[in-house]
Amino acid sequence: MELQPYLHTIARNFDATSVFVVFLVIVLAHLVPYLSDPAGLRAYPGPTLAKLSRAWLAWIAYHGRISTSVHEAHQKYGTFVRISPVEVSIAHPEALQQIYGHNTGTTKSDMYDAFTQFGGIPSVFAARDRVEHARKRKIMSHRFNYLAFDVIGDLAFGSPFGMLVAARDSTQIATSQKAAMESYGVEDAKLEYVTISAVDAVNVASSIVVFLGVLPPWIRPIMARFFATKMRATGELASMVVTAVAKRLVSSVSRQDLLSKLLEGRDEQDTALSKNELSAESLTLLVAGSDTTANSTGAITYFLAQNPNIQAKLQEVLDQVLGPPGGDSENGDVASYNEIKNIEYLQDVINEGLRLHSTVGVGLPRVVPESGMTVLGKTFAPGTVVSCPLYTLHRLPSVWGNDAEVFNPDRWSKGDRATMLKAFAPFSVGPRACLGRNLASMELFVYIATIFHRYSFVLRTPDQELGVDDGFVRKPLGVYVGVKRREFRMT
Ligand code: HEM
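In terms of the numbering used here, the sequence shown is residues 86 to 576.
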């Protein structure tokens with residue numbers, strides 16, 4: 086933390102009385118709303134600090150354990166937990182539809198304002214206003230549906246960032262975001278570049294954004310100054326996107342990719358996306374499209390490495406469809422989605438991985454509309470924030486049994502699938518559910534099938550737990566694995 090210089094300045098400028106007055110104001114600002122309880126939330130149990138201040142959520146977000154700490158709170162306090170002065174987390178399958186379903190009238194909370202850049206223009210993901218979101222979603226979803234079935238690969242900007250080829254986490258970004266944005270569509274624009282670590286920038290930026298987002302909006306600019314180094318990552322990420330868009334707009338590549346689809350997109354007034362909107366959507370696609378699938382693939386690979394019997398069963402099923410290992414894959418071929426999309430066991434392995442890991446594990450915060458709303462028979466006042474914690478939902482013993490913490494793909498074929506599906510929402514549900522869901526499913530099918538048809542994985546330490554850094558997206562931390570090419574064997 087870069088608090089030191091600020092604390093020194095504060096200490097120099099304030100005498101003891103002023104410090105006491107500031108302290109008193111802060112205490113009263115938290116106590117008065119708690120005691121007057123305008124939204125009627127006092128009945129809900131939860132950690133004491135969470136009832137008084139958003140600092141509890143900010144603290145667990147800062148330490149990368151937001152989903153697991155909320156989960157522990159649910160284990161302690163039950164289905165309803167007050168996780169901030171204004172927010173109640175509700176861990177129940179029915180809450181999922183009641184909060185996020187169509188026609189509930191809920192809107193995204195002020196947390197999402199922390200995700201906007203480019204002059205405050207939100208992307209489809211961060212848009213809170215219903216009309217604005219509907220406009221953006223309409224433009225985007227047509228494009229997604231056209232594309233999801235055509236392209237899978239380096240699809241976002243027509244050229245990869247060059248990390249696989251360089252075997253390094255590095256990419257070039259324009260030194261001036263503004264100049265790069267002004268150069269959109271300009272053929273011979275002269276831009277200066279600097280090299281950054283792209284994955285690092287995504288990781289740092291996404292964790293600091295959630296930390297800021299759970300704080301009250303007025304304190305965010307102050308905290309952003311304390312964490313200037315981390316905030317730099319959000320600027321780098323934005324520049325990375327603007328640089329990629331600028332390059333793509335003047336490239337002669339005529340292929341269809343997400344950007345070309347976005348450029349064609351028009352709303353009902355036949356208006357195209359502005360430069361800021363184009364940049365905002367591209368940033369969302371970069372983060373939503375890379376971090377989520379990469380972390381899901383990493384977690385599923387870990388679970389399969391940890392469970393050799395399940396891995397062997399998957400490989401047997403893959404061999405039946407794709408032929409023995411060492412066949413087509415010798416030529417570097419990737420399993421085709423059409424060949425593998427109906428392999429039920431592969432689907433069960435992926436679902437089980439998405440359930441247990443919960444790539445997006447937080448309860449996605451939603452504001453109760455003017456009319457108020459009822460969830461599981463409890464009434465919530467307008468303006469209250471409600472959420473259903475996905476990590477907890479995915480391990481409710483009432484749905485998943487006492488072995489909820491165990492990676493067991495067979496539960497999907499042997500258990501009550503309909504009940505499980507009602508409590509399974511890795512992509513969320515309703516009008517704000519994941520736009521990239523079809524694409525993500527295709528990617529996961531192809532990655533997992535191709536990798537495990539070709540290779541076997543073991544953990545170096547068989548009982549090693551998977552460490553996770555838990556921001557908005559849960560990122561698996563490093564584990565050592567052994568990888569071996571599978572060989573063709575006559576049986
Ligand atoms: C395994 C991979 C993925 C998972 C688990 C996932 C999960 C989610 C979840 C839970 C949401 C709701 C977020 C909220 O309400 O705040 C969401 C929204 C979204 N996702 Fe994904 N996602 C994945 C992959 C992708 C991909 C590949 C793309 C695009 C290339 C994408 C694009 C989006 C967009 C644009 C939204 C915002 C939709 C809206 O608000 O209308 N996602 N995703």
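Positions of the beta carbon are idealized from the N, C-alpha and C atoms, including for glycine.
Among L348, S291, R305 and A318, whose alpha-carbon lies nearest the alpha-carbon of G270?
Considering only L348, S291, R305 and A318, the residue with the shortest C-alpha distance to G270 is L348.
With DSSP run on the structure shown, which of helix, strand or coil describes I395?
It is helical.
For F530, the first and last residue of its enclosing alpha helix (DSSP H):
Where F530 is concerned, the enclosing alpha helix (DSSP H) stretches over R522 to R539.
Could you pull the DSSP bridge partners for I206 from this structure?
According to DSSP, I206 bridges with Q202.
Three-state secondary structure assigned by DSSP to V470:
DSSP, reduced to helix, strand and coil, places V470 within a strand of the structure shown.
Can you tell which of A384, I385, G383 and Y430 has its C-alpha closest to the C-alpha of D404?
Answer by Cα proximity: Y430.
Taking V284 as the reference, give the member of L300, A318 and R502 with the closest Cα.
Taking each of L300, A318 and R502 in turn and checking the Cα distance to V284, the smallest one comes out for A318.
Helix, strand or coil at R559 according to DSSP, with G and I counted as helix:
Residue state, collapsed to three classes: strand.
Is it the case that the Cβ atoms of V470 and V173 are separated by a distance below 9 Å?
Contact flag set, yes.
For ligand 1, any of its heavy atoms closer than 8 Å to the Cβ of R333?
Not so, every heavy atom of ligand 1 lies at least 8 Å from the Cβ.
CB-CB under 7 Å to V531, same chain, minus the five flanking residues each way: which ones, in chain order?
The answer, listed in chain order, is I237, V419, A420 and Y422.
Quick check: what's the CA-CA separation for Q549 versus A176?
Computed Cα separation, rounded: 29 Å.
Within 10 Å of its beta-carbon, does A128 have 16 or more other beta-carbons around it, so buried, or fewer, so exposed?
A128 should be labelled exposed.
Report the residue from C473, A466 and R451 whose alpha carbon sits nearest the alpha carbon of Y197.
Out of C473, A466 and R451, R451 has the C-alpha closest to the C-alpha of Y197.
Just how far apart, CA to CA, sit S152 and D273?
Between S152 and D273, the C-alpha separation is close to 48 Å.
Roughly how many angstroms lie between the CA atoms of D235 and P494, to the nearest whole one?
Summary for D235: the model assigns pLDDT 44, below 50, so the residue's position carries little reliability; its value from the coordinates is reported in the next sentence. For D235 and P494, the distance between alpha carbons rounds to 29 Å.
Count the other CB atoms within 10 Å of the CB of R539; is the residue buried (16 or more) or exposed (fewer)?
Result: buried.
With C-beta atoms as the reference, is L441 less than 9 Å away from F388?
Going by C-beta atoms, L441 is nearer than 9 Å to F388.
Under 8 Å Cβ to Cβ from Y119, same chain only, skipping five residues before and after it: list those, please.
Same-chain partners within the cutoff: R127, K136, L137 and P170.
Under 8 Å by Cβ, that's how I've got S291 and V372 pegged, so tell me the actual separation to the nearest angstrom.
About 6 Å; that satisfies the 8 Å criterion.
Could you pull the start and end residues of the beta strand (DSSP E) that Y278 belongs to?
Where Y278 is concerned, the enclosing beta strand (DSSP E) stretches over Y278 to I281.
Terminal residues of the alpha helix (DSSP H) in which I145 lies
It spans A140 to Y147 - the alpha helix (DSSP H) in which I145 sits, taken as one unbroken run.
What first and last residue would you give for the alpha helix (DSSP H) that runs through M266?
It spans Q262 to E267 - the alpha helix (DSSP H) in which M266 sits, taken as one unbroken run.
Where does I425 land, buried or exposed, given buried means 16+ other C-beta within 10 angstroms?
A buried status is given to I425, since no fewer than 16 other beta-carbon atoms sit within 10 Å of its beta-carbon.
Nearest chain D C-beta to R310 closer than 9 Å, yes or no?
Within the model displayed, chain D is absent; a lone protein chain is all it includes.
Any idea if A233 is buried or exposed, counting beta-carbon neighbours within 10 angstroms, 16 or more meaning buried?
Summary for A233: the model assigns pLDDT 44, below 50, so the residue's position carries little reliability; its value from the coordinates is reported in the next sentence. Answer is buried; the Cβ neighbour count reaches 16.
Using beta-carbon positions only, say whether K223 and D352 come within less than 9 Å of one another.
Cβ atoms of K223 and D352: closer than 9 Å.
Burial state of D433 (16 or more Cβ within 10 Å):
When all chains shown are included, D433 counts as buried.
Using DSSP's beta-bridge definition, name the partner residues of K569.
According to DSSP, K569 shares a beta bridge with S541.
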